[in-house]
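I have placed the structure first, in the form of structure tokens, so that the comments after it can refer back to it.
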Amino acid sequence: QVQLVESGGGLVQPGGSLRLSCAASGSIFSRYAMGWYRQAPGNERELVAGITSGGSTNYADYVKGRFTISRDNAKNTVYLQMNSLKPEDTAVYYCNARLGPINYWGKGTLVTVSS
305 QVQLVESGGG LVQPGGSLRL SCAASGSIFS RYAMGWYRQA PGNERELVAG
355 ITSGGSTNYA DYVKGRFTIS RDNAKNTVYL QMNSLKPEDT AVYYCNARLG
405 PINYWGKGTL VTVSS
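The numbering of the sequence shown is our numbering, which starts it at 305 and goes up by one.
Laid out in structure tokens, this is it:
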């Protein structure tokens with residue numbers, strides 16, 4: 305069982321930055337592929353960025369060059385650095401841990417980009 309707790313969301317102006325954190329319980333965090341997803345009102349949940357256990361990353365086209373995912377296995381934490389935020393980035397951001405067919409989700413953290 306893995307528990308995921310996101311933090312770092314909030315209100316930010318367009319063009320601003322936020323860093324989301326996801327702290328994971330358990331001793332085998334390093335084996336999990338980790339991801340950040342988001343869901344805006346009325347929309348489906350969508351992948352924002354992912355990072356494998358080996359450190360390879362992938363990004364949705366709409367965040368490439370603006371967002372960076374990273375992980376610190378010593379701290380059981382994955383991060384999402386979000387720069388140049390846009391109003392359309394407003395959503396609840398969820399952390400995901402995946403190992404084979406097993407998926408765990410956090411409860412999400414709200415990011416609101418507005419002036």
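Just so it is clear, CB atoms sit at the ideal spot from N, CA and C, and this is done for glycine as well.
Can you find a CB in chain D that lies within less than 8 Å of the CB of residue i?
i	result
R402	Absent here is chain D; the protein component of the structure consists of one chain.
Go ahead and pull the three-state DSSP assignment for residue i.
i	result
Y398	strand
A364	coil
N387	coil
A461	A query on residue 461 cannot be resolved here, the shown segment of the chain reaching from 305 to 419 and no further.
S325	strand
R370	coil
Just to confirm, is the Cβ distance from residue i to residue j under 8 Å?
i	j	result
R323	Y383	yes
K410	L308	According to the sequence as given, residue 410 is Gly; it is not Lys. Against a cut-off of 8 Å, the Cβ pair of L308 and G410 comes out as a contact.
L389	G320	yes
A395	A353	no
L414	G313	yes
M386	D393	yes
I332	I355	no
S420	T381	This structure leaves residue 420 out entirely; the chain is present only between 305 and 419.
A364	E350	yes
Is any heavy atom of the ligand MG found at a distance shorter than 7 Å from the C-beta of residue i?
i	result
R370	As presented, the structure is devoid of all ligands, the ligand MG included, so that no description of it is given.
To the nearest whole angstrom, what separates the beta carbons of residue i and residue j, a pair I think is in contact under 8 Å?
i	j	result
A337	S357	6 Å
G330	V367	Actually they do not touch by this definition, with Cβ atoms about 27 Å apart.
So is residue i buried or exposed if we call it buried at 16+ other beta carbons inside 10 Å?
i	result
Y397	buried
I406	exposed
A328	buried
A378	exposed
How would you write the range of the beta strand (DSSP E) that residue i sits in, first residue to last?
i	result
V306	Segment: none, V306 is in no beta strand (DSSP E) and carries neither H nor E.
E350	350 to 355
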